[in-house]
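The structure under discussion appears below in the form of structure tokens.
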Amino acid sequence: MEANVSFDEQEINQPINSQGALLQGTNVIAYDSSDLTAATNNFLLTNKIGHDGFDNVYKGVLENGVEIAVKKQDVTSHQGFTEFENEVKLIAKLQHRNLTKLLGYCINGTEKFLVYEFMANYSLDKGK
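Residue numbers (the numbering used here): 9 to 136.
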């Protein structure tokens, strides 16, 4: 799989802002946890659409009507803040037709979230 990736070591080493800042050089947004809670109806079990390791993924709808998939990191995860920052920065740089687009992230205390575009009835083996 080929992906378009550009890594700028200086950018990777800059801290991300958990208070609503846009990740520099990308369209990735820092969401407020209250927006994600509202979008997923308080992470209602019926909105759970999958899991990734110990993390759960929920379908949500933002106030503007955009459908999203929210990956909520398990609070028992051993991934630290720095590792999460690096994950956000690297995923934000990946672009490929078979990868779901990262829209944003959220950091609220020990809770960490990744926000992706929601792709209903989409299968990677069929392409877009």
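Glycine included, every Cβ here is placed at the ideal spot set by N, Cα and C.
**Asked** What's the C-alpha gap between F62 and N106?
**Response** 23 angstroms
**Request:** Take I115 as the anchor and find which of D60, Q87, I76 has the nearest alpha-carbon.
**Result:** Across the set D60, Q87, I76, the C-alpha of Q87 shows the shortest separation from the C-alpha of I115.
**Prompt:** Should I76 and V123 be called a contact, given that it needs their Cβ atoms to be closer than 8 angstroms?
**Reply:** Yes, the pair counts as a contact, with Cβ atoms nearer than the cut-off.
**Prompt:** Which residue's Cα is closest to the Cα of V36: E119, M127, I99?
**Reply:** Nearest option by C-alpha distance: I99.
**Request:** Rounded to whole angstroms, what's the CA-CA distance from V78 to G117? Just pull it up for me.
**Result:** 17 angstroms
**Message:** Tell me the DSSP secondary structure of K120 in three-state form.
**Reply:** strand
**Prompt:** If we count the other Cβ atoms within 10 Å of its Cβ and call it buried at 16 or more, is Q103 buried or exposed?
**Reply:** exposed
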